[in-house]
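Asker: Below you'll find the structure I mean.
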Amino acid sequence: MHNLPHVFIFPLPLQGPVNCMLKLAHLLAHHDIRITFLNTHHIHQRLLAHNNNHFNNYANLRFQTVPDGLPEDNPRTGDQIPNLLESMEIVSAPIFREMVTAVPESETPVTCIIADGIFTFAAGVAAEIGVPLLYFDTVSPCGFWTYLCLPKLIEAGEVPFKDDNMDEMIINAPGMEGIMRRRDLPSFCRAKDLDDPLIKLVLKEDDHIPLAQGLIFNTFQQLEAPILSQMRNICPNIYAVGPLHTHLKTRVLEAETTTSNSIWKEDMTCISWLDSQPLRSVVYVSIGSLAIISKEEFLELWHGLVNSGSRFLWVQRQGSVIGGANNMGFETPLQLAQGTKERGCIVSWAPQQVVLAHPSVGAFFTHSGWNSSLESIVEGKPMICWPYGVDQQVNSRYVGEVWKLGVDMKDMCDRVVIEKMVKEVMESRKDEFLERADHVAKLAKASVSQGGSSFQDLDRLVDDIKSMRIRARAASQLS
Ligand code: UDX
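Heads up: the sequence shown runs through residues 81 to 559, numbered per our numbering.
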């Protein structure tokens, strides 16, 4: 065991980032690399509570936890991310440093640190112990590229926005010419001034990204080649190893049996409901683990789904409606109750990868979180994109304008638009989108198959980590 490389993986403690970092950890452990996966107490307790402890199945994968410094009752929703990050900098970072710098003699010394790019403190810790750092930003590369372009956008006066014309084209994002409007930039670019906490966090992250020996992304070359080549101008060593959830299934057969890494309890009754629906007749609706919407938006979405006449499976995540969905303060309108009874199924959290793979699902009404987007792409399901924040604005633009995998409902939320877009994807343009989605799904699966670009990048990542270990052992023998 002592000769195996030892990698410390530290994800941003949110459902999306933890989901894909765990899949990477599982893949690396499968290739004889020892992993210490650092969760926060909060997230780890929820993972253990809602997953049959399949985490114990891997000899090379162990978990450690740190406090995130927030009160236990903090909802940790999207609006809380600045507080979470500030608290982790103060509370979690020193403990992380202690863990990595004081690995007991009996343990394998740390070979390499893989951390979320927002954890700028990881660069100092890696330098202190003299090990390589690989940043893994679990957002989309197209989204992350706009983060890296932020200094240029500010310098050119494109951010903050000079006026309220949200359709003004963006000039200073190389490789995105003719694609990005102001409204398609990450939500933090809509800030009124540069004192915005998220703007400051992203600029600080931009300063630290070049300190990494490599960047890992959950994407595949054929999907984002133009963006990845731009990224190589900042960091030449890029590992595009996604879609990680599919990559894991390709390489680790028993992964088929592992449950997803949900931090909520999955309501499996929706699968038997799907089993009784016609082929491709259901719109699956979910806004991920962080997005929160108003009661007005909630009702517009409900009316739009019912008026579309389509069947729908809707995830109403607990805490996702400001003020609470269940105490709407009025009886559910009869038309909504009737339409939902006839054609709908509502759960609080679904086994999303199973749902998206189900033949009865014809499209995905999504907030365009990157894990959700990739999961939809792999299953060949067209998307109706209603982005909430961070990279989702960029993802929804690429789905609608570049990849042609669906429609972008950005900045619109009324029952007429929702009805129209559901009918467009499920009826009038159904064949066009299904054909396109099937083509891209095939590219995704090919990339994680033997000889595919993501397969090769993961092999290179494993080899690079193992050579780090060999170099470290040689250096220690010389000293
Ligand atoms: C966050 C950001 O919002 C997202 O934009 C960023 O790219 C990653 O971090 P989140 O909002 O949770 O992620 O969205 P997403 O990335 O889609 O991750 C959600 C995960 O939860 C997916 O893997 C999805 O399969 C899972 N999920 C969602 C369920 O298992 N069940 C559900 O009912 C809903």
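Heads up, the beta-carbon is just placed ideally off N, CA and C, and yes, glycines get one too.
Hey, would you say the C-beta of Glu-560 is under 7 angstroms away from at least one heavy atom of ligand 1?
Answerer: Absent from the structure is residue 560, since the part of the chain shown begins at 81 and ends at 559.
Asker: Can you tell me where the alpha helix (DSSP H) with Tyr-227 in it begins and where it stops?
Answerer: Taking the sequence shown and counting its residues from 1, the one referred to as residue 227 is at position 147. Counting along the chain, the alpha helix (DSSP H) containing Tyr-227 begins and ends at 221-235.
Asker: State the start and end residues of the unbroken alpha helix (DSSP H) segment that holds Ala-105.
Answerer: The count along the sequence shown starts at 1 and reaches residue 105 at position 25. Segment 95-110, the alpha helix (DSSP H) holding Ala-105.
Asker: Could you name the residues of the same chain whose beta carbon sits closer than 6 angstroms to that of Gly-399, not counting the 5 residues immediately before and after it, in chain order?
Answerer: Within the sequence shown, the letter at position 319 stands for residue 399. Within the same chain, Gly-399 has close Cβ partners Pro-155.
Asker: Three or more C-beta pairs closer than 8 angstroms, one from the segment 319-329 and one from the segment 231-250: is that the case here?
Answerer: No, the segment 319-329 does not touch the segment 231-250.
Asker: If the criterion is Cβ atoms closer than 8 angstroms, does the pair Val-365 and Val-441 meet it?
Answerer: One-based indexing of the sequence shown puts residue 365 at position 285. One-based indexing of the sequence shown puts residue 441 at position 361. Not a contact, by the Cβ cut-off of 8 angstroms.
Asker: Entirely within the segment 299-382 and at least 3 residues each: give me those beta strand (DSSP E) ranges in chain order.
Answerer: You should have 318-320, 362-366.
Asker: Unbroken beta strand (DSSP E) runs of length 3 or more, entirely within the segment 445-491: which are they?
Answerer: Counting whole runs of 3 or more residues, the segment 445-491 contains the beta strand (DSSP E) stretches 463-465, 486-488.
Asker: Does the separation of the CB atoms of Val-479 and Cys-493 fall below 8 angstroms?
Answerer: The sequence position of residue 479 within the sequence shown is 399, counting from 1. The sequence position of residue 493 within the sequence shown is 413, counting from 1. Contact: no.
Asker: Does the beta-carbon of Glu-346 have 16 or more other beta-carbons within 10 angstroms, so that it is buried, or is it exposed?
Answerer: In the sequence shown, the residue the question calls residue 346 occupies position 266. Buried: at least 16 other Cβ atoms inside 10 Å.
Asker: Are there any heavy atoms of ligand 1 lying less than 7 angstroms away from the beta-carbon of Val-219, as far as the coordinates show?
Answerer: For the purposes of this step, residue 219 is taken as the residue at position 139 of the sequence shown. Yes, since a heavy atom of ligand 1 falls inside the 7 angstroms radius drawn around the Cβ of Val-219.
Asker: Determine the direct distance from the alpha carbon of Leu-102 to that of His-121, and round the result to whole angstroms.
Answerer: Numbered from its first residue, the sequence shown carries residue 121 at position 41. Numbered from its first residue, the sequence shown carries residue 102 at position 22. Taking the straight line joining both Cα atoms gives about 16 angstroms.
Asker: How would you write the range of the beta strand (DSSP E) that Thr-145 sits in, first residue to last?
Answerer: Sequence index remark: in the sequence shown, residue 145 carries index 65 (1-based). 141-146 is the extent of the beta strand (DSSP E) around Thr-145.
Asker: Does DSSP put Phe-199 in a helix, a strand or coil?
Answerer: On the sequence shown, residue 199 is found 119 positions in, with the first residue counted as 1. In this structure, Phe-199 counts as coil in the three-state DSSP scheme.
Asker: Using alpha carbons as the reference points, say which of Ser-527, His-106, Arg-263, Glu-411 lies closest to Ile-457.
Answerer: Within the sequence shown, residue 457 is the residue found at index 377, counting from 1. Comparing Cα-Cα distances from Ile-457 to each of Ser-527, His-106, Arg-263, Glu-411, the minimum goes to Ser-527.
Asker: In this structure, what does DSSP give as the bridge partners for Gly-384?
Answerer: Along the sequence shown, read from residue 1 onward, the residue named residue 384 stands at position 304. Answer by DSSP bridge pairing: none, since Gly-384 is not bridged.
Asker: Just to confirm the assignment, what range does the beta strand (DSSP E) spanning Gly-294 have?
Answerer: Within the sequence shown, the letter at position 214 stands for residue 294. 294-297 is the span of the beta strand (DSSP E), which, as asked, contains Gly-294.
Asker: Looking at the unbroken beta strand (DSSP E) that takes in Val-427, where does it start and where does it end?
Answerer: Reading the sequence shown from its first residue, position 347 is the one you call residue 427. Looking at the DSSP string, the run of the beta strand (DSSP E) that includes Val-427 is 424-427.
Asker: Would Lys-284 and Pro-240 qualify as a contact pair, given that the criterion is a beta-carbon distance under 8 angstroms?
Answerer: The residue you call residue 284 lines up with position 204 of the sequence shown. The residue you call residue 240 lines up with position 160 of the sequence shown. Contact flag unset, no.
Asker: If we call anything under 8 angstroms between Cβ atoms a contact, is Ala-371 one with His-447?
Answerer: Stepping through the sequence shown from its first residue, residue 371 is reached at position 291. Stepping through the sequence shown from its first residue, residue 447 is reached at position 367. A contact, by the Cβ cut-off of 8 angstroms.
Asker: Beta-carbon separation of Val-98 and Thr-191 under 8 angstroms?
Answerer: Within the sequence shown, residue 98 is the residue found at index 18, counting from 1. Within the sequence shown, residue 191 is the residue found at index 111, counting from 1. The answer is no: Cβ separation not under 8 angstroms.
Asker: Looking only at its own chain, which residues have a Cβ that is under 7 angstroms from the Cβ of Pro-413, when we skip the five neighbours before and after it?
Answerer: In the sequence shown, the residue the question calls residue 413 occupies position 333. Cβ neighbours of Pro-413 beyond the five flanking positions: none.
Asker: Along the chain, where does the alpha helix (DSSP H) that runs through Val-502 open and close?
Answerer: As a working note, residue 502 is residue 422 in the sequence shown. Counting along the chain, the alpha helix (DSSP H) containing Val-502 begins and ends at 495-503.
Asker: Let's test the definition: count the other Cβ atoms within 10 Å of the Cβ of Arg-397 and tell me whether it reaches 16, buried, or not, exposed.
Answerer: Indexing the sequence shown from 1 puts residue 397 at position 317. By the 10 Å Cβ count, Arg-397 comes out buried.
Asker: Select from Pro-93, Leu-84, Asn-475, Ser-390 the residue whose C-alpha is nearest the C-alpha of Ser-342.
Answerer: Taking the sequence shown and counting its residues from 1, the one referred to as residue 342 is at position 262. It is Pro-93.
Asker: Near Ile-123, what residues of its chain come up, given a Cβ to Cβ distance below 7 angstroms and the 5 sequence neighbours on each side ignored?
Answerer: Translated into the one-based positions of the sequence shown, residue 123 becomes position 43. These residues qualify, in order along the chain: Pro-93, Val-98, Ile-343.
Asker: Under 8 angstroms by Cβ, that's how I've got Pro-221 and Leu-308 pegged, so tell me the actual separation to the nearest angstrom.
Answerer: One-based indexing of the sequence shown puts residue 221 at position 141. One-based indexing of the sequence shown puts residue 308 at position 228. That belief holds up - the Cβ atoms of Pro-221 and Leu-308 are roughly 6 angstroms apart, short of 8 angstroms.
Asker: Skipping 5 residues on each side, what residues in its chain have a beta carbon closer than 8 angstroms to that of Met-489?
Answerer: For the purposes of this step, residue 489 is taken as the residue at position 409 of the sequence shown. Around Met-489: Ile-464, Cys-465, Trp-466, Ser-476, Val-497, Ile-498, Met-501.
Asker: Mapping DSSP to helix, strand and coil, what is Gly-399?
Answerer: The count along the sequence shown starts at 1 and reaches residue 399 at position 319. Gly-399: coil per DSSP, three-state reduction.
Asker: Would you kindly work out how many angstroms separate the C-alpha atoms of Ala-173 and His-519, rounded to a whole number?
Answerer: Translated into the one-based positions of the sequence shown, residue 173 becomes position 93. Translated into the one-based positions of the sequence shown, residue 519 becomes position 439. Looking at the two C-alpha atoms, the distance is approximately 43 angstroms.
Asker: Do Ser-533 and Phe-176 have their C-beta atoms closer together than 8 angstroms?
Answerer: For the purposes of this step, residue 533 is taken as the residue at position 453 of the sequence shown. For the purposes of this step, residue 176 is taken as the residue at position 96 of the sequence shown. Not closer than 8 angstroms, so no.
Asker: What first and last residue would you give for the beta strand (DSSP E) that runs through Arg-114?
Answerer: Within the sequence shown, residue 114 is the residue found at index 34, counting from 1. Arg-114 -> beta strand (DSSP E) spans 114-120.
Asker: Identify which residue in Gln-293, Ala-253, Asn-317 has its Cα closest to the Cα of Leu-233.
Answerer: As a working note, residue 233 is residue 153 in the sequence shown. With distances taken between Cα atoms, Leu-233 lies closest to Ala-253.
Asker: Give the secondary structure of Ala-554 by DSSP, where H, G and I count as helix, E and B as strand, and everything else as coil.
Answerer: Against the sequence shown, residue 554 aligns to sequence position 474. In the structure shown, Ala-554 sits in a helix (DSSP, three-state: H, G or I).
Asker: Please state whether the Cβ-Cβ distance between Arg-540 and Tyr-319 is less than 8 angstroms.
Answerer: As a first step, residue 540 must be located in the sequence shown, where it is residue number 460. As a first step, residue 319 must be located in the sequence shown, where it is residue number 239. Yes, these two residues count as a Cβ contact at 8 angstroms.
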